[in-house]
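K.L.:
My structure is below; once you've seen it, I'll send some questions.
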Amino acid sequence: MALIVQKFGGTSVGTLDRISRVADIIATTQRAGHDVVVVVSAMSGETDRLIQMANQLSKNPHAREFDALVSTGECVSAALLTIALREKNIAACSLTGKQAQIFTSDAHRRAHITHIAIDTMKGLLAEKTIPVITGFQGVNAMGDVTTLERGGSDTSAVAIAAALKANECQIFTDVAGVYTSDPRIISDARLLDRITYTEMLALASLGAKVLHRQAVEFAKKHHIPVRVLSSFDAGTGTLISGQDAIKKPWVSGVAFDRRQAKLSIMGIPKENNGLDHLLTAIKNANFDIDMTVENHSSSQDAIDFIFTVHLDDYQKAVSFSETIAKDISARQIIVDDQIAKLSLVGLGMKSHAGVASKIFHALGSENIPIYLITSSEAKISTIIDEKHLEMGAQLLHDAFELSVSHITN
């Protein structure tokens, strides 16, 4: 008998019929002899609806009340699922983050889980009662409800699994598991049987929406096996763990992110330490920079500095660039919000010779220009024009033989 934490996302609990189906999945797991703890998201679209209402009343909703509002979506899901379970003669009890004793930092809207007291959950399990816990939320030291980052229900589930020392954390979504690329874009994308934490972290950080990045970080830190499954189709899904498959391609997948922008601060004079001043200012900026590159300018006495940001930070980055360009007497700034990040993910990227040249060759075969390229042990990322993204993703997927046909032939 195992202890399993099962988390169901917004699409999985999006309607009453789907909630009833989820109850069947949970019942099947329990009848197989396992102890089950359940974590739920809000019904699909509900969190957005609550946020829109808050924003209609205020341009800057009070943080405490904002969390009090948006956390109710998960409360509805948990209560409805518990009702459905009880209707099937399965003992269950819904718990808010506060009732489940999920303690967080004080920061509203972006809280971090600090610790979890497991007494309440353990007590219910001892009574053969399934705890159905609201994801995405907790309670701070003042007793106020807090919410995590969007997508935080994944993190809630993994954190609960770690606290309970569960055998596995199962994340149920609307896809069958983790694919070599987005199957909605790459029709021959292949479902992965297993993937390492490191590879999944790279995919999550590069725009893959299957699993929240913080959840993967938590799972890696606490050595919690995570399995991504579909709540709509039977299957074994994808196992994410520290152990790699015995035989597998060294490239795991192709990831991409359309929500990127590129800013170029051109003609930074080498005299007066203009670049040093820029780099110091960037460290103190109120936005996150992703990729960077320094090039010699057309003038031998100047340097060009190019960087990318997420579109959410685009306006902040533009304002920053305009101000700093004047301070350091840069010649001009060039901005471009019609770009995308296209990445190759796999273990040992730097140790495999010729990967970058193969990427250049694949994209170059269709005259797709690469503006930036960076690499690490688990990924190589490029910046290309957004209009070329889907073609570029397919070219890399084919070049590195990631499709089903290449594996089976």
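Using numbering that gives the first Met the number 0, you'd call the opening residue of the sequence shown number 0 and step up by one each time.
A virtual CB, placed ideally from N, CA and C, is assigned to each residue, including glycine.
1) I believe I223 touches A162 by the beta-carbon criterion, under 8 Å. Please report the beta-carbon distance rounded to the nearest angstrom.
2) Could you work out which residue in A254, A90 and L310 is closest to L388 when comparing CA atoms only?
3) Roughly how many angstroms lie between the CA atoms of T119 and Q100, to the nearest whole one?
4) Of the choices R212, K357, S230 and E198, whose alpha-carbon is the least far from that of K378?
5) What's the gap between the Cα of S263 and the Cα of D336?
6) Taking Q308 as part of the beta strand (DSSP E), name the residues at either end of that continuous run.
7) Contact defined as beta carbons within less than 8 Å: I believe D66 pairs with T154. What is the distance between those atoms, to the nearest angstrom?
8) Assign K325 to one of two classes, buried (16 or more other C-beta atoms within 10 Å of its C-beta) or exposed (fewer than that).
9) Within the same chain, show all residues whose beta-carbon is closer than 8 Å to that of V174, passing over the 5 residues directly before and after it, in chain order.
10) At which residue ranges does the segment 57-84 contain complete alpha helix (DSSP H) runs of 4 or more residues, listed in the order of the chain?
11) Identify every run of the beta strand (DSSP E) within the segment 139-223, keeping only runs that are complete inside it and at least 3 residues long; order them along the chain.
12) Helix, strand or coil: how does DSSP classify I323 here?
13) I need the DSSP call for V317, collapsed to helix, strand or coil.
14) Check for me: the alpha helix (DSSP H) holding E389 runs from which residue to which?
15) Span of the alpha helix (DSSP H) holding F359?
16) Could you tell me which residues DSSP pairs with I18 in its beta bridges?
17) For G134, which of G13, I159 and L394 has the nearest alpha-carbon?
18) Does DSSP classify T113 as helix, strand or coil?
19) Skipping 5 residues on each side, what residues in its chain have a beta carbon closer than 8 Å to that of I239?
20) Tell me the residue span of the beta strand (DSSP E) that contains L343.
21) Determine contact between the segment 42-58 and the segment 102-118, defined as no fewer than three beta-carbon pairs at a distance below 8 Å.
22) Mind checking if T279 is an interface residue toward chain C, Cβ cutoff 8 Å exclusive?
23) Between which two residues does the beta strand (DSSP E) containing D34 stretch?
P.N.:
Looking at the atomic coordinates:
1) That pair is no contact at about 10 Å.
2) A254
3) 8 Å
4) E198
5) 12 Å
6) First, the residue type needs correcting, since residue 308 is Val and not Gln in the sequence shown. Taken as a continuous stretch (DSSP letters only), the beta strand (DSSP E) holding V308 covers A301 to H309.
7) Incorrect: roughly 16 Å between the Cβ atoms, too far for contact.
8) exposed
9) P182, V209, V227 and S229
10) 62-69
11) 144-146, 167-172 and 193-195
12) helix
13) helix
14) L388 to A398
15) V354 to G363
16) According to DSSP, I18 bridges with nothing at all.
17) I159
18) strand
19) V177, R193, I194, T195, Y196, M199, L210, V215, A218, P224, V225, R226 and V227
20) Q331 to G345
21) no
22) This model lacks chain C altogether; it includes just one protein chain.
23) D34 to V39
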